[in-house]
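Protein chains in written order, with this note's numbering: chain P, 3 to 116; chain G, 58 to 155. Ideal placement from N, C-alpha and C gives every residue a C-beta, glycine not left out. Since the structure is predicted, the reported quantities are computational estimates derived from the model, not experimental observations.
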């Protein structure tokens, strides 16, 4: 089992429900294949540095999860097929990355509390 | 302006002279790798504001000779910047970013 992290950008024309549905779909896709979700983050509607599909903003989502490596291929294909997804990036996390992710999360939770 | 002959003699009218030589720093402060010094092990591609410190105002990566980053971490910086560009939190090309 390896840890991975995915950032994906959803089309900004989607409604809130559609966004939730899409996120749910991918979460289920992973958990059905024996993945353990570690963290989910919703960055909300963000302005992008350049236009993708003629759109200047998008809904950013982040997943951190643990899954056997074979699933990733299938998972990325699923991203490619979904029209609501504008961009995706999956990265394998090494031990330093995992350490950093934990630190980042604790920092973020502190900030949201304050 | 002093004439050639005067310059040759070393007498320059109106020039300021100092009794002790001026202290001019000829050697720049030694550059160092900030990752090694502060013990950063992982470079996060999600933190765009921080990564902007490693690119010029056109959005191009700065060379090691300017930032002083060691080779090991320069490679990681490059990867992080490229990832940040892919997810559109940093521009591929830009103008007057700073």
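Three-state secondary structure (DSSP) of residue i
{"i": "residue 37 of chain P", "result": "coil"}
{"i": "residue 19 of chain P", "result": "helix"}
{"i": "residue 25 of chain P", "result": "helix"}
{"i": "residue 121 of chain G", "result": "helix"}
{"i": "residue 83 of chain G", "result": "coil"}
{"i": "residue 147 of chain G", "result": "coil"}
{"i": "residue 200 of chain G", "result": "This structure cannot speak to residue 200 of chain G, because chain G is shown only from 58 to 155."}
{"i": "residue 83 of chain P", "result": "helix"}
{"i": "residue 75 of chain P", "result": "helix"}
{"i": "residue 98 of chain G", "result": "coil"}
{"i": "residue 73 of chain G", "result": "coil"}
{"i": "residue 48 of chain P", "result": "strand"}
{"i": "residue 91 of chain P", "result": "strand"}
{"i": "residue 93 of chain G", "result": "helix"}
{"i": "residue 161 of chain G", "result": "This structure cannot speak to residue 161 of chain G, because chain G is shown only from 58 to 155."}
Cβ pair residue i, residue j closer than 7 Å
{"i": "residue 63 of chain P", "j": "residue 93 of chain P", "result": "no"}
{"i": "residue 88 of chain G", "j": "residue 125 of chain G", "result": "yes"}
{"i": "residue 134 of chain G", "j": "residue 111 of chain G", "result": "yes"}
{"i": "residue 153 of chain G", "j": "residue 138 of chain G", "result": "no"}
{"i": "residue 28 of chain P", "j": "residue 90 of chain P", "result": "no"}
{"i": "residue 30 of chain P", "j": "residue 86 of chain P", "result": "no"}
{"i": "residue 61 of chain P", "j": "residue 21 of chain P", "result": "yes"}
{"i": "residue 121 of chain G", "j": "residue 131 of chain G", "result": "yes"}
{"i": "residue 140 of chain G", "j": "residue 102 of chain G", "result": "yes"}
{"i": "residue 55 of chain P", "j": "residue 3 of chain P", "result": "no"}
{"i": "residue 116 of chain G", "j": "residue 150 of chain G", "result": "yes"}
{"i": "residue 74 of chain P", "j": "residue 5 of chain P", "result": "no"}
Endpoints, the beta strand (DSSP E) within which residue i is located
{"i": "residue 60 of chain P", "result": "57–69"}
{"i": "residue 1 of chain P", "result": "Outside the displayed range of chain P (3 to 116) lies residue 1 of chain P, so it cannot be described from this structure."}
Counted within 10 angstroms of its Cβ, other Cβ atoms place residue i as buried (16 or more) or exposed
{"i": "residue 7 of chain P", "result": "buried"}
{"i": "residue 32 of chain P", "result": "buried"}
{"i": "residue 2 of chain P", "result": "Here chain P has residues from 3 to 116 only, and residue 2 of chain P is not among them."}
{"i": "residue 102 of chain P", "result": "buried"}
{"i": "residue 110 of chain P", "result": "exposed"}
{"i": "residue 128 of chain G", "result": "exposed"}
{"i": "residue 98 of chain P", "result": "exposed"}
{"i": "residue 95 of chain P", "result": "buried"}
{"i": "residue 100 of chain G", "result": "buried"}
Endpoints, the alpha helix (DSSP H) within which residue i is located
{"i": "residue 100 of chain P", "result": "97–115"}
{"i": "residue 106 of chain G", "result": "105–108"}
Contacts of residue i in chain C (Cβ-Cβ under 8 Å)
{"i": "residue 35 of chain P", "result": "Within the model displayed, chain C is absent; protein chains P and G are what it includes."}
Residue i Cβ short of 6 Å to the ligand PLP heavy atom set
{"i": "residue 31 of chain P", "result": "The ligand PLP is not among the ligands present in this structure, which contains no ligands whatsoever."}
* To do: Evaluate the contact criterion for the segment 34–45 of chain P versus the segment 56–72 of chain P: three or more CB pairs, one atom per stretch, below 8 Å.
  => yes
* To do: Please confirm if the segment 138–148 of chain G is in contact with the segment 48–58 of chain P, defined as three or more CB-CB distances below 8 Å between the two stretches.
  => yes
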